[in-house]
Amino acid sequence: MQAGRYSRRIRAVLPESVNSLAQAQLINDLRVTARTKKRRDLPADAATVDYLFPAYLEWYGDHRAPTSLRDLKLVYNAHISRILGVEKILAITTENLDYYQQVRLREKVPRADRNVKPRTVNKELNYFSGFLKWCRRHKKINIAPVYYEKLSAPRPRPPRNCWAMPGSSGSVVTALCVRSIMRILPIQPFIKVTSFAMYPTEATALR
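Once you know that position 148 of the sequence shown is 153 in our numbering, the rest is easy, because the numbers rise by one and skip nothing.
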């Protein structure tokens, strides 16, 4: 088999987010470096998100639960790499994270007729913020603080016609749906709630 400049050329598929020759060349350089192993690390000012994130996943697996690692891998492979993978870590700014929010909010959830929820985007950027923090501490990359405004994501209200049982002192009562209660305990010990954010003393007053 021929080697060197006369060997068979392999065509590699680039990420969809690549839209310039410079980005394509950078990704190719990173792939060649990883394949030939002529150097172990890129200089800090050249390292990209895609270059360091695999090392972060290894560290994350040693320090976090397997379920958290699995979720982070899904988020990185599906979204972070696609949108921010080619960005140089030292050049990450608020504009990059704002752009990430805009892209994700316009995308549809697979097999669902709705857009991605703000709460999901906030979770994904929390993962990415953890990656930047790891780059500062473990890779000694002097990344400037990146500030961004989280998307408004109010928690959904509990279903109507629910009942509540007073919790411990100072805690919000736990709402339970009538159907669930009927299967567990008689209905008498429970109090109907007219407000979904009532405290035990307030719920007791409704008796």
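Ideal placement from N, C-alpha and C gives every residue a C-beta, glycine not left out.
If you draw a straight line from the Cα of Leu-26 to the Cα of Tyr-65, it comes to about 33 angstroms. Put simply, the backbone Cα of Arg-160 is about 18 angstroms away from that of Glu-154. Sequence-distant Cβ neighbours of Phe-58 in its own chain, meaning closer than 8 angstroms and more than five residues away, are Tyr-81, Ile-85, Ser-86, Gly-90, Phe-136. In this structure, Lys-93 places its C-beta atom within 8 angstroms of the C-beta atom of Ala-52. Nearest to Asn-120 by alpha-carbon distance, out of Arg-109, Asn-127, Glu-129, is Arg-109. Excluding the 5 residues flanking it on each side, Thr-99 has same chain C-beta neighbours closer than 7 angstroms at Val-151, Tyr-152, Tyr-153, in chain order.
Around the beta-carbon of Val-126, 16 or more other beta-carbon atoms lie within 10 Å, marking it buried. Beta-carbon to beta-carbon, Ala-158 and Pro-123 are separated by about 4 angstroms, close enough to satisfy the 8 angstroms threshold. Here Asp-103 has no same chain residue with a Cβ atom under 6 angstroms from its own Cβ, once five neighbours each way along the sequence are excluded.
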